[in-house]
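Undergrad: Supplied in structure tokens, the structure appears directly below.
There are 2 protein chains.
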Amino acid sequence: MTAALTPGTSGRRPDPFAGHASPMGHGNMVRKEDARFLRGRGRFVDDIRLPGMLHGAVLRSPYAHARILSIDTGGAESHPKVRAVITGADLERRGMAWIPTLSHDVAAVLATDKVRYQGQEVAFVVAEDRYAARDALSLIEVEYEPLEPVIDAHRALAPDAPVIRDEIPGRTDNHIFDWEAGDAAATEAAFAAAEHVSSCEMLYPRVHPAPLETCGIVADLDPVSGRLVVYATAQAPHAHRALYSGIIGIPENRIRIISPDIGGGFGNKVAIYPGYLCAVIATSITGAPVKWTEDRSENLMSTSFARDFHMRGEIAATRDGRIQGLRVQVLADHGAFNGTSQPSKFPAGFFHIFTGSYSVPAAHCTVRGVYTNKAPGGVAYACSFRITEASYLVERLVDVLAFDLGLDAAEVRRRNLLRPEQFPYRCATGWEYDSGDYPRAFELALEMAGYDELRREQARGRRTRAETGEGTVMGIGLSFFTEAVGAGPRKDMDIGGFGMADAAELRVHPTGSAELRLSCMSQGQGHETTFAQIVSEELGISPDDIEVIEGDTDRTPFGLGTYGSRSTPVSGAAAVMAARKVRERARLVAAAMLEVSADDLVWDKGRFHVRGDRAAGVGIGEIALAAHSGLELPEGVEGQLDATCVYNPPNLTFPFGAYLCVVDVDPGTGQVTVRRFVAVDDCGVRINPAIVEGQVHGGLADGIGMALMEVMAFDTDGNHLGASFMDYLLPTSMECPSWELGKTVTPSPHHPIGAKGIGESATVGSPAAVVNAVLDAIGVRHADMPLTPAHVWSAIQGRPLRTDLAIG
Amino acid sequence: MTAALTPGTSGRRPDPFAGHASPMGHGNMVRKEDARFLRGRGRFVDDIRLPGMLHGAVLRSPYAHARILSIDTGGAESHPKVRAVITGADLERRGMAWIPTLSHDVAAVLATDKVRYQGQEVAFVVAEDRYAARDALSLIEVEYEPLEPVIDAHRALAPDAPVIRDEIPGRTDNHIFDWEAGDAAATEAAFAAAEHVSSCEMLYPRVHPAPLETCGIVADLDPVSGRLVVYATAQAPHAHRALYSGIIGIPENRIRIISPDIGGGFGNKVAIYPGYLCAVIATSITGAPVKWTEDRSENLMSTSFARDFHMRGEIAATRDGRIQGLRVQVLADHGAFNGTSQPSKFPAGFFHIFTGSYSVPAAHCTVRGVYTNKAPGGVAYACSFRITEASYLVERLVDVLAFDLGLDAAEVRRRNLLRPEQFPYRCATGWEYDSGDYPRAFELALEMAGYDELRREQARGRRTRAETGEGTVMGIGLSFFTEAVGAGPRKDMDIGGFGMADAAELRVHPTGSAELRLSCMSQGQGHETTFAQIVSEELGISPDDIEVIEGDTDRTPFGLGTYGSRSTPVSGAAAVMAARKVRERARLVAAAMLEVSADDLVWDKGRFHVRGDRAAGVGIGEIALAAHSGLELPEGVEGQLDATCVYNPPNLTFPFGAYLCVVDVDPGTGQVTVRRFVAVDDCGVRINPAIVEGQVHGGLADGIGMALMEVMAFDTDGNHLGASFMDYLLPTSMECPSWELGKTVTPSPHHPIGAKGIGESATVGSPAAVVNAVLDAIGVRHADMPLTPAHVWSAIQGRPLRTDLAIG
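Going down the list, the protein sequences come from chains D and Y.
In terms of full-length UniProt numbering, the first sequence has 571 at position 571, counting the first letter as 1, and numbering is strictly consecutive.
In terms of full-length UniProt numbering, the second sequence has 172 at position 172, counting the first letter as 1, and numbering is strictly consecutive.
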């Protein structure tokens, strides 16, 4: 893209879709995949039944920390329906008791020496049916010697804390890493010179992605080819293939990963879990296909968690609320294994745009990781780069600053938001925000909400309540967030030798229909529709005639799958490139067909016509047939009509948004009701607006959940207090208002159609808005999520509770 | 390829593999696919069982020619296990009673007005099992009005012959087409001026490819995606998809053709047969998967035949046997529908190199096609271009000429074979033979056989027999053939808009194993091995780590499949191109990794090293990982390590060979024993010599079968006299001698590794050698194939029998 930049637009490309109406010809077309989902015809891993298939079950540790003295599998093995029992010792003999994690740590497949968290995998039983497999678990005798569990991240750093990872020679503590970013000295100076400093300790509690479908696998050794065929809930089939290949020692070409329909991922299905590997090993032992499907408790107890960040933020400012510096310290609780599955050399996760959406002259951040006796954390659950935590921290700090200075929270944001002319903007860690017009989005949100009138209503309500002592109190919460998605092949995103490219293979058939094979992987977000629209827009083929193929390593090109909102920014770009490459080959073929120079052809909605003669033209279908016939091919054109493109993004894309939440709080009970939620999102160009809005709806609900009810708490023995949906609460439509959505469109300057990715924005941006609203209502400077009635009531009483530990 | 030609080599490229030893590193590696075949683990269409699958059976016509007065399906429909009965009338309502053939004719799917050959499809029954479906056929009542059957091609042209295709408005005869090639006037002049003319009428009887596995299909409508999934015995899956798409009106992207292991094709599995379409329609009617598998009689009676050419050849020569002219007239019996499935605008088939391997100054050929009441002919059964018939004709004519002039058959050939300096050689029809050294191959065959000593032995035997009147008589038969394979995108090979390109998609995985996706389709000839070796040779990856993928339109690029010996010449070239493209990208990545210029790198068996420093290098596996990581990619390199190439061959390749057969004939019984068979083949560069020789073995056996026993004869009512393997005789190892194989290697100048294709050579070349040997033994000028004992004995008595008709 070499278009001259208009002075004053600071790198922003002129919006090619004037008016910001749906730029795509098919706009809000109905999702192609919904026909099968709505009729109950989705096909998920657990729907797969292979002849002679066996069923696996996992024996899990009841202790958070204990030494394994002995395991007796004799009882289980004599169960008439049991075909195999696998323990850590069996895996040790195969050199597979431990597997590498993406952060250069290792994780146990089945425990050998110790169990390190409650729910950790200890043995795997394979039986003729699921019931027998589960029954046989109780026939395995494990003798444990309980050890002191380390549940609190601060306690984990104490000199006398038990060493959780004592299998690592020489390890004497639970410290994993330290990471820092920004300029410590400049920040120090900024704080020293500041008119005002506000600081606040806060917790982003441990939460779980909790997809509707739990994880599962069917492993099979194809009797004809001898290849390993794995049907699995995998957000990244090709990455899984590479991992299996490395762990098991089978070349990749002898492995096929099929990811059928997936019922939600949210990062939970990026990693390979012990149950998967056990099923694969079990199929090689038994010679039969083996299915393993988690139940809900297993999913909640043992698959990757997110957050669990203990944070301290300090903000230096002028007395009128202009930010001069930001200082952040994070203690990151990564559980027993540093299984962080986001692409990072720094296993902390990035916290990479911790200065948020503001102009911060000096900033410094440190993150320290520790092991605890909890399930491994580090999941890429919206957002991969820990921007959710960072965004929450800075948006809370801004409200704390406003609280301390007695300023309006909107006014403080207005004074500090990055201005359009600052883009591209290089933040404290060196990342370069690609494009944005933050004030426009912010003012739109305020306008949609009627901010000034809301404040007046709030003031009236306070007066009334002061007079009557009755009724709820109203709160208004703001947040402004910047996301970073679509990771590119940057060295600091290296995950064990893999960059972040994705590929698209586009093939137009002889009669003009097409198929698009992608390395990304839909988990319900509508790829079949969005990608068909992308190609349709470029080639003029109806989206109905474009088959989007994902989730099968035998049918799709290599790539890293879907997480971190990267499908549209990366695979979408690859798809556009492939379509344009096809169009350029089509132009050459059309020129030969029409016996004119390619330069004399004009492309118009699926057809090339001769310049100045609209009637003389050929459509993409005719061109496809000619390209396949090979009969009229010009010199140097190989024939057929296909292209494979790999997109290595030169930078991330930076969606952003302004959110405003209105709540009503009952001070007597602490009950919070979300009355309104205004969300203005800018994710660049939108392909299918309904799908974009669906993503926003889901993320806003996520935010309400985290702000008001979700937490994976533990007791001091390390027992999970949220191992079912009775205990781990998710928001329903009852807790959600009717969303009020707005948008601005600032195209990404480096994405071929200016799209930015929307999958995680609302999850990143919404928690702070809700929390800020609740605290605004009750006039409390800070209290930690989740703001359950008990926590709100306690905060009102001036005695905020710790939300992550049920201290006995 | 712009290499300067060495003067005197006439376009031949210097052989890059000095010594003609196996050029490929892995040479005679064991076939990768044999592990599963030898253990009975091949997976063929009939092995596929889908849940709820129904079974189809075809009701066939007992008459060769009859009007259908009525069809009553009531009895069959009331069979308790029958789910559907489909007739031509049902198809007519769907506009699918007739389908286009590749030669621009149409063919009936289920008969509506008339039946036109015995065994023609009349109705399709779908039942819960195969037995019930077959039983229910007898419950269908069809009322026929028999018409005069037209079995003899000559009779078909008589003015009073019944019009077989009277459904075509205005048609008043059975003539299909006339085709001619060569220069009629020059040929006339050559004959007028000739010192000698020999002429001979001969028949190439109707034969059948008779693969071990019959044809079959399982049709399924995927309940999740709604796509049509067809598992079928298809030599050309992508072409089948395009045909189904056109016939049924479903876009190609909604159709998936899966061709699993195939038990022999030989052209029999190129076409789409009525049973396939009926199964597809039945699955849409019943909503269940429908399987249809032919039995042996059905395969022999109703699938595409080959040959059935009534030929007259005239040869003008000098008295010392130098050919001056060749004149050929062919009456081609195409059966009831002109279903010819070779790529041809001229539905006769080409007969395109009818002057064979000789320098013929003037030549002319006409081919006339006629309809008869036999099953449709025109199958691409070795060889697609009717070179089998043409080669037989010219090789018989040369022997007739030698017979008439009293010359030695070897000497006549020696005097007329094309000389190396005549290449590239443009023959009478304009085709250009790419390369050859015919005398070298011919003399090698004579030398291997010990020709002179054989002739002396023959003379001794004759004297002994003259003295004793006892013992067998020995015959020596020669043939020299030129094949034309690997059709390119020539306009005269246009089949309904499709050219002849094929594609290869090569993907090297991050850890250095690879997969190669091809549009061709193995039917047992070892593609998994040959193509793995091709890529291995180019990239240095072990063939065991290269997965060759074919037979699934969802996993492979578009292309026309395998027939006409085109896999190695066309797909093989595409695979080489793809591998070299990958290597060039690998070179750029390696240069970045080693921080040197790409020009300074030397490729050596899977590794690039810096020129002059063998130790400084990186292997293809390391390069693959780096290319996928995207971390070190040089400017302009997209990343990953893959390539898709379409190969549009600029010309055919022309394999050739010299064959010599020695037989012993018992004059008292007419019994022929093949004593020796020397076969010198030149197919250019050989990839896996064992596979090449296996192909030759099969073709030689084919030739013995056609020469001595195979014929699909009819009685005058049009009844098949060969509808089982009791009647249609195939050669076994008992009838075959221990083959004596030799080779020369003349690389094709335009194929990237100089390979030419070997699939059909021996079938083309061997029949004439056997027939020439038998006639040489018994001293008869000509008798038609098959030379069964009865025919040989009759020929000896001077009363040769007609071999294609059992005249009552």
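Cβ coordinates follow ideal geometry from the N, Cα and C atoms, glycine included.
I'd like to know if Y/Ala578 contacts chain D, where contact means its C-beta is closer than 8 angstroms to some C-beta of that chain.
TA: By this cut-off, Y/Ala578 is not an interface position.
Undergrad: Using 10 angstroms around the beta-carbon of D/Val696, count the other beta-carbons present and answer buried if the total reaches 16, otherwise exposed.
TA: Looking at its Cβ environment, which holds 16 or more other Cβ atoms inside 10 Å, D/Val696 is buried.
Undergrad: Below 8 angstroms on the Cβ atoms is my guess for D/Ile86 versus D/Ala136; work out the distance and round it to an integer in Å.
TA: Not really, about 12 angstroms apart at Cβ, beyond 8 angstroms.
Undergrad: Measuring only between beta-carbons, confirm whether Y/Pro800 sits less than 8 angstroms from chain D.
TA: Taking Cβ atoms only, chain D never reaches closer than 8 angstroms to Y/Pro800, which makes this a no.
Undergrad: At the 8 angstroms Cβ level, is D/His628 part of the contact set with chain Y, yes or no?
TA: Judged by the 8 angstroms Cβ criterion, D/His628 is in contact with chain Y.
Undergrad: For Y/Cys645, go through chain D and note every residue whose CB falls closer than 9 angstroms to its CB, in chain order.
TA: By Cβ distance, chain D contributes Glu638.
Undergrad: What is the DSSP secondary structure of Y/Trp739, counted as helix, strand or coil?
TA: The answer is coil: DSSP assigns Y/Trp739 none of H, G, I, E or B.
Undergrad: Determine the burial state of D/Ala459: buried for a count of at least 16 other Cβ atoms within 10 Å of its Cβ, exposed for fewer.
TA: Result: exposed.
Undergrad: According to a CB-to-CB cut-off of less than 8 angstroms, which residues of the region 35 to 51 of chain D neighbour chain Y?
TA: Listed in sequence order: Ala35, Arg36, Arg41, Gly42 and Arg43.
Undergrad: Are the C-beta of D/Phe531 and some C-beta of chain Y separated by less than 8 angstroms?
TA: No, D/Phe531 lies away from the interface with chain Y (no Cβ there is under 8 angstroms from its Cβ).
Undergrad: Which bits of chain D does Y/Arg507 rub up against, with CB to CB less than 8 angstroms?
TA: Pro557 and Phe558, listed in chain order.
Undergrad: Note the first and the last residue of the continuous alpha helix (DSSP H) segment covering Y/His196.
TA: Looking at the DSSP string, Y/His196 is not in any alpha helix (DSSP H); the run it does join, the beta strand (DSSP E), is His196 to Tyr204.
Undergrad: Judging by CA-CA distance, which residue of Y/Ile623, Y/Gly170, Y/Asp452 and Y/Gly56 is the nearest neighbour of Y/Val588?
TA: Residue identity differs from the one stated: residue 588 of chain Y is Leu in this sequence, not Val. The option with the nearest alpha carbon to Y/Leu588 is Y/Ile623.
Undergrad: I'd like to know if the region 546 to 563 of chain D and the region 517 to 528 of chain D are in contact, where contact means that at least 3 CB-CB pairs between them fall below 8 angstroms.
TA: The region 546 to 563 of chain D, when compared against the region 517 to 528 of chain D, does touch it at the 8 angstroms Cβ threshold.
Undergrad: Using the three-state DSSP reduction, which class does Y/Phe725 fall into: helix, strand or coil?
TA: The answer is coil: DSSP assigns Y/Phe725 none of H, G, I, E or B.
Undergrad: Per DSSP, which residues does D/Ser479 bridge with? Please list them.
TA: Partner(s): D/Tyr659.
Undergrad: Which parts of the region 754 to 788 of chain D are runs of the alpha helix (DSSP H), unbroken and 4 residues or longer, counting only runs that do not cross its ends?
TA: Entirely contained in the region 754 to 788 of chain D, the alpha helix (DSSP H) runs reaching 4 residues are, in chain order, 761 to 778.
Undergrad: Do we get a CB-CB distance below 8 angstroms when we pair D/Glu584 with the residues of chain Y?
TA: With 8 angstroms as the cut-off, D/Glu584 does not count as an interface residue toward chain Y.
Undergrad: Roughly how many angstroms lie between the CA atoms of D/His196 and D/Tyr358, to the nearest whole one?
TA: Computed Cα separation, rounded: 17 angstroms.
Undergrad: Determine which residues share a DSSP beta bridge with D/Lys114 and list them.
TA: D/Lys114 pairs with D/Arg67.
Undergrad: Give a yes or no on whether the minimum CB-CB distance between D/Asp554 and chain Y is below 8 angstroms.
TA: Interface residue, yes.
Undergrad: Please classify D/Arg583 as buried or exposed, where buried requires at least 16 neighbouring CB atoms within 10 angstroms.
TA: Classification for D/Arg583: buried.
Undergrad: Hey, quick one: how far does the alpha helix (DSSP H) through D/Ala97 stretch, first residue to last?
TA: Segment: none, D/Ala97 is in no alpha helix (DSSP H) and carries neither H nor E.
Undergrad: Cutting at 6 angstroms between CB atoms, please list the residues of its own chain near D/Leu277, excluding the five before and the five after it.
TA: Hits under 6 angstroms: Val109.
Undergrad: For a contact defined as C-beta to C-beta under 9 angstroms, what are the partners of Y/Ala306 on chain D?
TA: By Cβ distance, chain D contributes nothing, its closest Cβ being about 26 angstroms from Y/Ala306, past 9 angstroms.
Undergrad: Exposed or buried, D/Lys114, counting other C-beta atoms within 10 Å across all chains shown (16 or more means buried)?
TA: D/Lys114 is buried by the Cβ-count criterion.
Undergrad: Where Y/Thr744 and Y/Glu447 are concerned, what is the direct C-alpha to C-alpha distance, given to the nearest angstrom?
TA: Their Cα atoms are separated by approximately 13 angstroms.
Undergrad: Rounded to whole angstroms, how far is the Cβ of Y/Arg555 from the Cβ of Y/Asn416, which I believe are closer than 8 angstroms?
TA: Y/Arg555 to Y/Asn416, Cβ: 49 angstroms. No contact.
Undergrad: Please check if any C-beta of chain Y sits within less than 8 angstroms of the C-beta of D/Ala66.
TA: Not one chain Y Cβ lies under 8 angstroms of D/Ala66.
Undergrad: Use the C-beta contact count for Y/Glu515: other C-beta atoms within 10 angstroms, 16 or more gives buried, fewer gives exposed.
TA: Counting Cβ neighbours within 10 Å, Y/Glu515 comes out buried, since at least 16 surround it.
Undergrad: Whose C-beta lies closer than 7 angstroms to the C-beta of Y/Asp804 among residues of the same chain, with five residues either side of it excluded?
TA: Leu203, Pro205, Arg206, Val711 and Ala713, listed in sequence order.
Undergrad: Mark D/Arg93 as exposed unless 16 or more other C-beta atoms lie within 10 angstroms of its C-beta, in which case mark it buried.
TA: Exposed is the call here.
Undergrad: Short check: CB of Y/Ala518 to CB of Y/Ser597, under 8 angstroms?
TA: Rather than Ala, the amino acid found at residue 518 of chain Y in this sequence is Leu. No.
Undergrad: Ignoring anything shorter than 3 residues or poking outside the region 398 to 475 of chain Y, list the beta strand (DSSP E) runs there in chain order.
TA: Runs found: none.
Undergrad: Give the straight-line distance between the Cα atoms of D/Asp702 and D/Pro510, rounded to the nearest whole angstrom.
TA: Cα to Cα, D/Asp702 sits roughly 45 angstroms from D/Pro510.
Undergrad: Excluding the 5 residues preceding and the 5 following D/Asp776 in the sequence, name in chain order all residues of the same chain whose CB lies nearer than 7 angstroms to its CB.
TA: Cβ within range, chain order: Gly475, Ile476 and Gly477.
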